[in-house]
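Each remark here refers to the structure printed beneath this line.
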Amino acid sequence: MYERREITTQERIQQQAYCEKVKAHIAGRPHYALVDTYGCQQNESDSEILRGWLVQCGYELTADEDKADLIAVNTCAVREHAEKRVLGNVGALGHNKAKKPDLIVCVGGCMTQQPTVRERIRKSYRVVDLVFGPHEVWQFPELLLKTMERRGRRGSKSRLIAAEPSEGVVAEDLPRQRDSAVKAWLSIMNGCDNFCSYCIVPYVRGRERSRHPADIEAEARQLVEAGYKDITLLGQNVNSYGKGLDEGVDFPDLLARLDAIPGDYVLRFMTSHPKDATEKLFKVMADSEHCAHHIHLPLQSGSDRILKEMNRHYDRAKYLEKVALARRYMPDLVLTTDIIVGFPGETEADFEDTLSLVNEVRYDAMFTFIYSPRPGTPAAEMPDPVTRAEKQVWFDRLLDAANRISAEKHAAYVGGTVRVLVDGETGQTPYNLSARTKGGRLVHLAGDPALVGKFLDAKITDSTTWALYGQLV
Ligand code: SAH
Ligand code: SF4
Ligand code: F3S
């Protein structure tokens with residue numbers, strides 16, 4: 020049985036004390052730290068906490084590997100490709116350590132939740148000093164201090180410190196170095212209970228646990244007051260928010276509560292499992308002042324047979340019904356999705372079902388993946404006779420459809436005027452600013468960098484598959 024473990028104020032203050040001890044260890048000259056992030060927004064959010072702790076420990080942040088005295092790699096396990104890339108990059112840090120023997124290398128994130136990966140790191144990646152999982156981010160200062168103390172001890176053979184794997188942690192009030200002054204992640208829950216048969220996330224992120232609504236609201240208020248304009252609520256399946264809490268709130272309730280915070284800002288969320296996206300949600304979104312009319316509704320497959328094998332708990336008809344309902348409430352809805360091609364046992368006919376659904380729904384953007392077997396998941400045990408080359412052909416056909424549709428949808432914006440939030444600089448000319456429509460479409464603009472963080476009207480003059488181009492009006 021899963022146990023929820025709320026970190027106490029006492030425990031958090033204890034971590035603060037460890038920060039002071041780390042600070043003492045590195046006193047004397049400036050020390051630099053780099054955090055390298057792979058994977059999804061949950062990991063981006065965790066990396067902001069890691070950076071927050073590192074700053075409290077006295078480090079300055081850097082993007083320069085050669086300058087870094089500490090490198091933390093926040094890993095992702097969702098596909099084999101991601102894992103290989105991470106391990107390759109961790110191995111390459113051996114060169115950095117040869118030049119700088121005092122370099123501290125930390126590996127965190129979802130990969131390290133797998134015992135086999137920990138074992139592999141212990142055996143073959145001697146460059147690594149500290150391994151910890153996503154459930155141990157709250158106690159990073161303690162782990163870092165241990166690492167420093169271990170290396171101070173002469174003659175100790177194994178330098179590796181591995182955090183005791185834990186689960187079910189909910190931690191509030193951790194320090195955070197946010198990446199942007201305009202856009203903010205706001206994690207509302209952690210973990211996943213869905214166990215889609217291909218997916219590793221429930222195994223590495225643990226069971227679903229929601230933060231208390233009052234804590235989320237307090238953080239949202241702080242963000243709005245600090246001038247953040249674009250707040251994205253994060254969870255593996257935000258639609259099951261509130262399960263197990265005493266407060267009796269569901270996700271639409273939470274959304275309505277956050278929407279009531281006064282100010283000029285946009286509220287977004289990711290990700291919605293289609294089985295749990297309800298009419299109540301669409302209604303709250305449509306009636307809200309701040310909610311983006313955007314839903315990321317991962318389809319995964321358009322074939323009923325494959326959806327069943329995937330353990331998704333909806334079929335093609337139900338999915339299409341939800342899309343139609345959402346569009347009835349929000350005719351301007353921007354709809355995006357994730358699709359997996361080449362799930363074990365998928366046939367050409369199954370693939371055609373996916374393609375036809377895509378052509379029917381016409382997504383604004385699609386994230387497409389070739390199925391990657393994840394050891395320990397049920398799908399990894401299923402017979403998978405289709406070759407990689409055949410899957411690649413399907414994948415390319417799907418990508419062509421996705422690109423064609425998204426180019427057509429973007430072209431329809433040209434000539435119109437849309438309200439956008441200018442969210443950053445691109446470093447390019449003449450389109451030196453990037454902006455987002457409320458639905459989340461990317462718009463390139465030319466203008467004064469002082470406009471970053473402002474909501475403005477832009478006339479769309481041009482478009483590509485990936486983005487819109489416009490002029491401020
Ligand atoms: N919780 C989110 C998604 C998390 S993973 C959700 O349910 O939507 C992001 C995407 O990666 C998934 O939507 C899926 O399309 C893809 N994915 C997950 N496991 C995969 C695997 N084993 N192979 C290929 N793609 C996978
Ligand atoms: Fe993975 Fe499914 Fe959970 Fe998404 S809902 S994280 S795809 S198990
Ligand atoms: Fe990857 Fe972990 Fe996110 S496996 S996709 S970083 S939850």
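With our numbering applied, the sequence shown corresponds to residues 20 to 492, in that order. The beta-carbon is built from N, C-alpha and C at its ideal position, and this holds for glycine as well.
Would you kindly work out how many angstroms separate the C-alpha atoms of residue 65 and residue 82, rounded to a whole number?
Along the sequence shown, one-based indexing puts residue 65 at 46. Along the sequence shown, one-based indexing puts residue 82 at 63. For residue 65 and residue 82, the distance between alpha carbons rounds to 17 Å.
When DSSP labels each residue in this structure, what does residue 536 get in the three-state scheme?
This structure cannot speak to residue 536, because the chain is shown only from 20 to 492.
To test your reading of the DSSP string, which unbroken alpha helix (DSSP H) runs of 4 or more residues are found completely within the region 207-249?
220-224, 232-244
Following a CB-centred definition, is residue 399 positioned closer than 8 Å to any heavy atom of ligand 3?
Numbered from its first residue, the sequence shown carries residue 399 at position 380. Checking every heavy atom of ligand 3 against the Cβ of residue 399, none is found closer than 8 Å.
Please return the same chain residues whose Cβ sits closer than 8 Å to the Cβ of residue 46, not counting the five positions on each side in sequence.
Residue numbering aside, residue 46 sits at position 27 when the sequence shown is read from its first letter. Taken in chain order, the residues that qualify are 77.
Which ranges does the alpha helix (DSSP H) cover as unbroken runs of at least 4 residues, wholly within the region 313-368, from first to last along the chain?
323-328, 335-348
Can you tell me where the beta strand (DSSP E) with residue 454 in it begins and where it stops?
Along the sequence shown, read from residue 1 onward, the residue named residue 454 stands at position 435. Its beta strand (DSSP E) spans residues 452-456.
Does the Cβ-Cβ distance between residue 260 and residue 298 come in under 9 Å?
Here the question's residue 260 lines up with position 241 in the sequence shown. Here the question's residue 298 lines up with position 279 in the sequence shown. No.
Ligand 2 and residue 209: does any heavy atom of the ligand fall closer than 8 Å to the residue's C-beta?
For the purposes of this step, residue 209 is taken as the residue at position 190 of the sequence shown. Residue 209 Cβ: outside cutoff for every heavy atom of ligand 2.
Assuming residue 210 contacts residue 226 under a Cβ cut-off of 8 Å, what Cβ separation, rounded to an integer in Å, is found between them?
Numbered from its first residue, the sequence shown carries residue 210 at position 191. Numbered from its first residue, the sequence shown carries residue 226 at position 207. Between residue 226 and residue 210 the Cβ distance is about 5 Å, and since that is below 8 Å, they are a contact.
Where the alpha helix (DSSP H) containing residue 425 begins and where it ends
One-based indexing of the sequence shown puts residue 425 at position 406. Element bounds for residue 425: 407-430.
Out of 39, 240, 370, state which residue places its alpha-carbon closest to the alpha-carbon of residue 72.
The residue labelled residue 72 in the question sits at position 53 within the sequence shown. Measuring from the Cα of residue 72, the nearest candidate turns out to be 39.
Does DSSP put residue 157 in a helix, a strand or coil?
On the sequence shown, position 138 is the one that residue 157 refers to. Looking at residue 157 - three-state DSSP - the assignment turns out to be helix.
Is residue 224 near ligand 3, in the sense that its beta carbon is under 8 Å from a heavy atom of that ligand?
The residue given as residue 224 occupies position 205 in the sequence shown. Checking every heavy atom of ligand 3 against the Cβ of residue 224, one is found closer than 8 Å.
Is residue 102 close to chain C? Criterion is C-beta to C-beta, closer than 9 Å.
Among the protein chains of the structure shown there is no chain C, as only one such chain exists.
If contact is defined by three or more beta carbon pairs under 8 Å, each pair taking one atom from either stretch, is the region 28-39 in contact with the region 83-93?
no
Can you say whether residue 363 is buried or exposed, counting buried as having 16 or more other CB atoms within 10 angstroms of its CB?
In the sequence shown, counting from the first residue as 1, residue 363 sits at position 344. Burial call: buried.
Between the CA atoms of residue 312 and residue 285 - distance to the nearest angstrom
Translated into the one-based positions of the sequence shown, residue 285 becomes position 266. Translated into the one-based positions of the sequence shown, residue 312 becomes position 293. So the two alpha carbons sit approximately 10 Å from each other.
Residue 146 vs residue 97 beta-carbon contact at 9 Å
Against the sequence shown, residue 146 aligns to sequence position 127. Against the sequence shown, residue 97 aligns to sequence position 78. In this structure, residue 97 does not lie closer than 9 Å to residue 146 by Cβ.
Extent of the continuous beta strand (DSSP E) to which residue 133 belongs
Walking along the sequence shown from the start, residue 133 turns up at place 114. It is not in any beta strand (DSSP E) - residue 133 carries neither H nor E in the DSSP assignment.
Below 8 Å on the Cβ atoms is my guess for residue 470 versus residue 489; work out the distance and round it to an integer in Å.
What you label residue 470 is simply residue 451 of the sequence shown in a count that begins at 1. What you label residue 489 is simply residue 470 of the sequence shown in a count that begins at 1. Going by Cβ atoms, the distance from residue 470 to residue 489 rounds to 13 Å, so no, they are not a contact pair.
Tell me the DSSP bridge mates of residue 72?
Counting from one through the sequence shown, the residue named residue 72 turns up at place 53. DSSP lists no partner for residue 72.
Closer than 8 Å to a non-hydrogen atom of ligand 3 - does that hold for the CB of residue 153?
Within the sequence shown, numbered from 1, the residue matching residue 153 stands at position 134. Yes; taking the cut-off as 8 Å, the Cβ of residue 153 has a heavy atom of ligand 3 nearer than that.
Could you say if the region 291-308 and the region 243-263 meet the contact criterion of at least three C-beta pairs nearer than 8 Å?
yes
Got a sec: does ligand 2 put a non-hydrogen atom nearer than 8 Å to the Cβ of residue 214?
By one-based count along the sequence shown, residue 214 stands at place 195. Yes, ligand 2 has a heavy atom inside 8 Å of this Cβ.
If you draw a straight line from the alpha carbon of residue 412 to that of residue 213, how long is it in whole angstroms?
On the sequence shown, position 393 is the one that residue 412 refers to. On the sequence shown, position 194 is the one that residue 213 refers to. Computed Cα separation, rounded: 30 Å.
Nearest-angstrom Cα separation, counted from residue 184 out to residue 169
The count along the sequence shown starts at 1 and reaches residue 169 at position 150. The count along the sequence shown starts at 1 and reaches residue 184 at position 165. Between residue 169 and residue 184, the C-alpha separation is close to 19 Å.
For residue 165, which option in 25, 136, 123 has the closest C-alpha, if you only look at C-alpha atoms?
Start at 1 with the first residue of the sequence shown, and residue 165 comes out as number 146. Among 25, 136, 123, the Cα nearest to that of residue 165 belongs to 123.
Determine the closest residue to residue 388 out of 157, 61, 99, 300, with distance taken between C-alpha atoms.
On the sequence shown, position 369 is the one that residue 388 refers to. Cα-wise, what sits closest to residue 388 is 99.
Rounding to the nearest angstrom, what Cα-Cα distance links residue 358 and residue 377 in this structure?
For this step, residue 358 is matched to residue 339 along the sequence shown. For this step, residue 377 is matched to residue 358 along the sequence shown. C-alpha separation (whole angstroms): 10 Å.
Could you tell me if the beta carbon of residue 44 falls within a distance shorter than 8 Å of some heavy atom in ligand 4?
Judged by which ligands are present, ligand 4 is missing from the structure shown, whose ligands are ligand 1, ligand 2 and ligand 3.
Measuring CA to CA, which of 215, 224, 114, 202 is closest to residue 188?
Within the sequence shown, residue 188 is the residue found at index 169, counting from 1. The candidate whose alpha carbon is nearest that of residue 188 is 224.
Thinking just about the alpha-carbon of each residue, which of 80, 89, 93 is nearest to the one in residue 60?
As a first step, residue 60 is located in the sequence shown; it is residue number 41 there, counting from the start. Answer by Cα proximity: 93.
For residue 448, which three-state DSSP category applies?
By 1-based counting over the sequence shown, the position of residue 448 is 429. Coil.
By Cβ distance, which residues of its chain are closer than 6 Å to residue 237, with the 5 residues on each side in sequence left out?
What you label residue 237 is simply residue 218 of the sequence shown in a count that begins at 1. Hits under 6 Å: none found.
Please report the Cβ distance between residue 356 and residue 402, rounded to the nearest whole angstrom; I am assuming they are in contact, meaning their Cβ atoms lie under 8 Å.
On the sequence shown, residue 356 is found 337 positions in, with the first residue counted as 1. On the sequence shown, residue 402 is found 383 positions in, with the first residue counted as 1. The pair is not a contact, with the Cβ atoms about 27 Å apart (cut-off 8 Å).
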